[in-house]
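Engineer: Quick note, in numbering that gives the first Met the number 0, the sequence shown goes up one by one and the last residue is 66. Input: one structure, supplied below.
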Amino acid sequence: MRTSDPVIDCRKQVLFSCSGCGSPLTHDDFFELGLRLPDSGESRDEYCESELIDDVSHTRCLRSRAS
């Protein structure tokens, strides 16, 4: 698996899309954000609850919203 691949679940569905642009988030994006990757079998809701987050965005999308 390449780090530029989207984060997917066990059904091969994209687990997270950017709340800013709607594009899938990749392993690299999680690294840039300082977030751990979801555990195998962990749902989006379970991940967000354990990390205390509502959604995830690319760093570039976060920066553009801040300016």
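Ideal placement from N, C-alpha and C gives every residue a C-beta, glycine not left out.
How long is the line joining the alpha carbons of His64 and Asp54, rounded to whole angstroms?
Structural biologist: Indexing the sequence shown from 1 puts residue 64 at position 65. Indexing the sequence shown from 1 puts residue 54 at position 55. Correcting the residue identity first, residue 64 is Arg in this sequence and not His. For Arg64 and Asp54, the distance between alpha carbons rounds to 14 Å.
Engineer: Does the beta carbon of Ser39 come closer than 8 Å to any beta carbon on chain D?
Structural biologist: Chain labels in this structure do not include chain D; a single protein chain is all it has.
Engineer: How about Ser3: is its Cβ closer than 7 Å to a heavy atom in the ligand ADP?
Structural biologist: Although the ligand ADP was asked about, the structure shown includes no ligands whatsoever.
Engineer: Counting pairs of Cβ atoms below 8 Å between the segment 0-12 and the segment 20-28, do you hit three or more?
Structural biologist: The segment 0-12 vs the segment 20-28: in contact.
Engineer: Shortest alpha-carbon distance to His57 belongs to which of Ser16, Gln12 and Ser49?
Structural biologist: Here residue 57 refers to the residue found at position 58 of the sequence shown. Closest option to His57, Cα to Cα, is Ser16.
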